[in-house]
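Asker: Protein chains in written order, with our numbering: chain A, 1 to 255; chain B, 1001 to 1149.
Idealized CB from N, CA, C, for every residue including glycine.
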Amino acid sequence: MTAPADAPVTTDAIPTMTVTLKILRFDPDGLDGREPGTEYWEEFQIEAHATDRVLDALHMIKWEQDGTLAFRRSCAHGVCGSDAMRINARNRLACKTLLKDLNPAKPIMVEPIKGLPVEKDLIVDMEPFFASYREIMPFLMTSGPTPERERLQSPEDRERYDDTTKCILCAACTTSCPVFWTDGQYFGPQAIVGAHRFIFDSRDEGEWDRLEILNDKAGVWKCRTAFNCTEACPRGIEVTKAISEVKHALNTGEI
Amino acid sequence: MTGAPELKAPKKAVSHSTLGRAQRWSWIFQRVSGVLLIGLIAVHLTVNLVMGDGINQIDFAFVAGKLANPFWQWFDFTMLVLAMIHGANGMRMIINDYAQTPWIAATLHWALRISTVVIVILGTLVLFTFDPCPAGSDPSLLPSFCEDI
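See the structure below:
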C-alpha cells in the first residue's frame, strides 16, 4: 500500500539509537606512541537506525570519527565476500548483519576473522586461504576436443552441486573452523566446497585428481563435523554436508 | 604492494588408490569402533548391573565367574582394545588441536602412546591369566565351581 501524496514525510519516525562498537584493532606501524604490532580494543559510539548494518556503523566510524580504521568491503551487498568479520563471536558479513539483530543494548564486538594473519585492524592476509583454493584446481578439467556448443547437463545433474556454486570465497567458514585455527596444514572447509562444486559436476573429468588431493593429510579427514562452517556461511551453504559427501565418495569410490 | 601472488603449479595427484592412507583409516576406525562400542558397552552394563540381582551381585565371585568363561574373556578383550584405541585416537586429535608448543605436543603424544600400550597389555594379562580360585581363600567368597577343583 502506498501512502497518500499529501501525507507528511515521516523520516523522523524511524527511531535512532546509540550503539557502542568494540573493535579489536591491530596497528602494524605503531602510531600515536604505540608499539608496532599492538593489538587493542577500542570503543566507538555512533547514532544509528535499527535498519543500519554493521558495515554502515563501520563507515560512520571511519568517515566521521577515526579515519585510520581499516576494513575491506567492495559491493556492500553480500555478493563480493570482502567484509567477513567476527561480529559478537560469530563469523558474518558486516553488510548482511543488521544492528537490531545484534542486541544493540550491549557493545557489539567486532574482530578480524580468526586463523589468518592480521595485517591491520579488520584486514587479514587472505593468501593462505586462496592458496588452499588453488590447490584443489577450481577450474573445469575435460579431455577430448572442445565442443562447438555449450556442454549440456540435465537439471538433475546440475542439482547435485547447486549448493556449492553459491560460495563467494568470503572465508567465513574456513576461519570459523576449529581445526583450521590450530592446524595450519588443513585446507579448510572452503577449499572442500570449491572442490565439491567440480567433483560432482557431470561435465568435469578431474574429479579423482581432486579427490586424491582431498584424501591427503591436509584434506577431508581432518574435518570432525563441528558444523561451525555451516553455521557461519552467509550464503547458507550446507558446508559440513558437502564435506561429508566428499568423504562418502572417497569411502565408496562412487561419485 | 607486492602485486599478484606467485602461482604454484597445482599439486600432482599421487595415485588413484585410496588405500593405505592413515588419516582415512583412522577416521573410518573411529566411526566403526564407536558403533561397536555402543553395543558392547550396552551388553556389558546390562549383564553386570541390570540382569540377575543387579548392582548387588557384583563381588569377587561374580567377576571371577565371568572371567573364567572364554566368551566373556574375548568379549572384554574386544571392548578393552576397541575402547583404548578409540579413546587414544580421540585424545590424539585433542592434542593436535590444543598443544601448540611442539615439545609439549610430542611429550603428550608419547605419554598417550605409552599409556595406551601399557593399559592394553595389563588388561589383556588380567583377562587371560586371571585365577578365579586363588588357593587358601575363604570358599564363601569364591565362585561356586571352585568346590569341584
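#1: Considering only the beta carbon of each residue, do A:LEU24 and A:GLU159 sit closer than 8 Å?
#2: Go through its chain and collect everything with a Cβ distance to A:ASN215's Cβ below 6 Å, but skip five positions before and after it.
#3: So for A:ILE135, helix, strand or coil by DSSP?
#4: Answer yes or no: the CB of A:ALA249 versus the heavy atoms of the ligand GTP, is any distance below 7 Å?
#5: For A:LYS114, which residues from the same chain have a beta carbon less than 7 Å from its beta carbon, with the 5 sequence-adjacent residues on both sides left out?
#6: Touch check for the segment 161-175 of chain A and the segment 207-223 of chain A: three-plus C-beta pairs under 8 Å?
#7: What residue ranges within the segment 113-182 of chain A form continuous beta strand (DSSP E) runs of no fewer than 3 residues, ordered along the chain?
#8: Please classify A:GLU245: does DSSP put it in a helix, a strand, or coil?
#9: Check whether the segment 1062-1074 of chain B touches the segment 1032-1042 of chain B, taking contact to mean three or more Cβ pairs, one atom from each stretch, closer than 8 Å.
#10: Using the Cα positions of B:ASN1048 and B:LEU1108, report the straight-line distance between them to the nearest angstrom.
#11: Specify the secondary structure class of A:ASN88 as computed by DSSP and reduced to three states.
#12: Three or more beta-carbon pairs under 8 Å between the segment 91-102 of chain A and the segment 54-63 of chain A, yes or no?
#13: Between B:SER1161 and B:GLY1054, what straight-line distance do the alpha-carbon atoms span, to the nearest angstrom?
#14: For B:GLU1006, which of helix, strand or coil comes out of DSSP?
#15: Under 8 Å, with one C-beta from each stretch per pair, do the segment 1112-1128 of chain B and the segment 195-208 of chain A reach the 3-pair mark?
#16: Could you tell me the distance, in whole angstroms, from the CA atom of B:ILE1085 to the CA atom of B:MET1079?
#17: Looking at chain B, is there any beta carbon in it that lies within less than 8 Å of the beta carbon of A:ASN228?
#18: Am I right that A:SER132 and A:GLY188 are in contact with their C-beta atoms under 8 Å? What's the rounded C-beta distance?
#19: To be precise: take each residue of the segment 1105-1126 of chain B, compare its Cβ to all Cβ atoms of chain A, and keep it if any distance is under 8 Å. Which residues remain?
#20: Quick one: list the residues of chain B neighbouring A:LYS106, beta-carbon separation under 9 Å, in chain order.
#21: Does B:ASP1226 get closer than 8 Å to chain A when you measure Cβ to Cβ?
#22: For B:PRO1005, decide whether its Cβ has a neighbour in chain A, counting only Cβ atoms nearer than 8 Å.
#23: Could you tell me which uninterrupted alpha helix (DSSP H) segments, each at least 4 residues in length, are contained entirely in the segment 195-240 of chain A, listed from first to last along the chain?
#24: Could you tell me which residues DSSP puts in a beta bridge with A:LEU48?
#25: Need the endpoints of the alpha helix (DSSP H) that A:MET109 sits in, please.
Answerer: Reading off the structure:
#1: no
#2: LEU250
#3: What sits at residue 135 of chain A in the sequence shown is Glu, not Ile. The answer is helix: DSSP assigns A:GLU135 an H, G or I state.
#4: With respect to the ligand GTP, the structure offers nothing, as it holds no ligand at all.
#5: ARG86, THR175 and TRP181
#6: In short, these stretches do not touch, since the Cβ pair count stays below three.
#7: 118-120
#8: helix
#9: Result no; under three Cβ-Cβ pairs closer than 8 Å.
#10: 34 Å
#11: coil
#12: yes
#13: Residue numbering for chain B in the displayed model covers 1001 to 1149; residue 1161 of chain B lies beyond these limits and cannot be assessed.
#14: coil
#15: Segments in contact, no.
#16: 10 Å
#17: So, not an interface residue.
#18: 6 Å
#19: From the segment 1105-1126 of chain B, no residue has a Cβ closer than 8 Å to chain A.
#20: Ordered by position in chain B, no residue passes the 9 Å Cβ test against A:LYS106, which lies about 30 Å from the chain.
#21: In the structure as shown, chain B starts at 1001 and stops at 1149, and residue 1226 of chain B therefore has no counterpart that could be examined.
#22: yes
#23: 207-214 and 228-232
#24: Residue identity differs from the one stated: residue 48 of chain A is Ala in this sequence, not Leu. Bridge partners of A:ALA48 according to DSSP: A:MET17.
#25: No alpha helix (DSSP H) contains A:MET109, which is instead part of the beta strand (DSSP E) from 108-111.
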